[in-house]
Amino acid sequence: MSVPFEQNVAIVTGASHGIGLGLTKALLEHDYQVVANSRAITKAGTLTPSDRLVFVEGDIARREIALEVVETAVRRFGRLDLLVNNAGIFISKAFTEYSVEDFEQLVATHLAGFFFVSQHAVRHMSAQQSGHIVNVTTALVDQPLAEVPAAVQILTKGGLNAVTGALAIEYASRGIRVNAVSAGVIDTPMNKPEAHEFLRHLHPIQRLGHVSEIVDAVLYLNAATFVTGEVLHVDGGAHAGKW
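Just so we're aligned: the sequence shown equals residues 99 to 341 in my numbering.
See below:
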């Protein structure tokens, strides 16, 4: 799939493993210049910096790191066309078992980790009258599962679904699109192989998703310039209802 040549600068958060790693590699293959962020992106050793790939290490939930990520893109490459808010964690517990630390971690990673970097990105995108933000969320928002209690996970990721539509409306007149990819269970290091048999039954299409399928969804949304405010489900049909 081709992408417009002029849209060639991207930020990917949570870029060292899993979906973020796949996205970073794919964007480089599509001639993007990329700023990749994670807490330990250098130590991970999964990517090699180059003249088209710059690392900003640190917790994206921290305002100073978020600002550095965006400023690095603009300073190094001159503009910012795509922000993929991919950084995420997963904590599944009964609602009454969530600790204060669990709550704070989920709010920090999913909400603060979205807010600061997106706010600063929108400022730059507004000035250039173009840009695209993609939020990676979860199918559990639309299809909670008794087998996977995750109310606080859903609380924070559901906020990303809601703000996707709100920002799409608010910034359409400034040439900025905002979309989301709602992922099912994806085959990444987050999901241990011994759990795969259980996890595949959490989708009507009874397998885990592939990182490449989330990458394809992001690339589609990026190329689909008449699409904004969309939450695109890549979840093996899980959002459609009971199975």
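From the three backbone atoms N, C-alpha and C, an ideal C-beta is built for every residue, glycine too.
No experiment lies behind these values; they were computed from the predicted model shown.
Cross-strand partners of A108 (DSSP beta bridge) = Beta-bridge pairing links A108 to V132 and L180.
Could you tell me the boundaries of the beta strand (DSSP E) in which L330 lies?
-> L330 -> beta strand (DSSP E) spans V329 to V332.
Find out if the Cβ-Cβ distance for the pair I231, A171 is shorter than 7 Å.
-> Their beta carbons are not under 7 Å apart, which means I231 does not touch A171 by this criterion.
Apart from the five residues on each side of it in sequence, which residues of its chain come closer than 7 Å, Cβ to Cβ, to E166?
-> Within its own chain, the residues whose Cβ lies closer than 7 Å to the Cβ of E166, once the five positions on either side in sequence are excluded, are V154, listed in chain order.
Boundaries (first-last residue) of the beta strand (DSSP E) holding A293 | Unbroken run through A293: none, as it is neither H nor E.
Any chance you could list the beta strand (DSSP E) runs of at least 3 consecutive residues sitting entirely within the segment 186-259, in chain order?
-> The segment 186-259 contains these whole beta strand (DSSP E) runs: 229-236.
Euclidean distance between Cα positions of T111 and Y318 | Rounded to whole angstroms, the separation of the alpha carbons of Y318 and T111 is 19 Å.
Run through DSSP, which three-state label would L306 get?
-> Residue state, collapsed to three classes: coil.
Kindly confirm or deny that the segment 307-314 and the segment 251-260 touch, where touching means at least three C-beta pairs closer than 8 Å.
-> No: the two stretches stay apart, fewer than three of their Cβ pairs being nearer than 8 Å.
To the nearest angstrom, how far is it from the Cα of T286 to the Cα of L306?
-> So the two alpha carbons sit approximately 9 Å from each other.
Could you have a look at V154 and say whether DSSP puts it in helix, strand or coil?
-> Strand at V154.
Are N183 and N106 close, meaning C-beta to C-beta below 7 Å?
-> Contact flag unset, no.
From which residue to which residue does the alpha helix (DSSP H) around I274 run?
-> Unbroken run through I274 is the beta strand (DSSP E), I274 to A281; no alpha helix (DSSP H).
Helix, strand or coil at S148 according to DSSP, with G and I counted as helix = DSSP places S148 in strand when its eight states are reduced to three.
Among residues of its own chain, excluding the 5 on either side of F201, which ones have a beta-carbon nearer than 8 Å to its beta-carbon?
-> Once the five neighbours on either side are set aside, the close Cβ partners of F201 are V250.
Exposure of R275, with buried meaning 16 or more beta-carbon neighbours within 10 Å = It is buried - the Cβ of R275 has at least 16 other Cβ atoms within 10 Å.
Could you check if S100 is buried or exposed, using at least 16 other CB atoms within 10 Å of its CB as the buried criterion?
-> Low confidence applies here, because S100 scores a pLDDT of 41, under 50, leaving its location unreliable; read the following figure in that light. By the 10 Å Cβ count, S100 comes out exposed.
May I have the straight-line CA-CA distance separating F188 from I163, to the nearest angstrom?
-> Cα to Cα, the separation comes out at about 22 Å.
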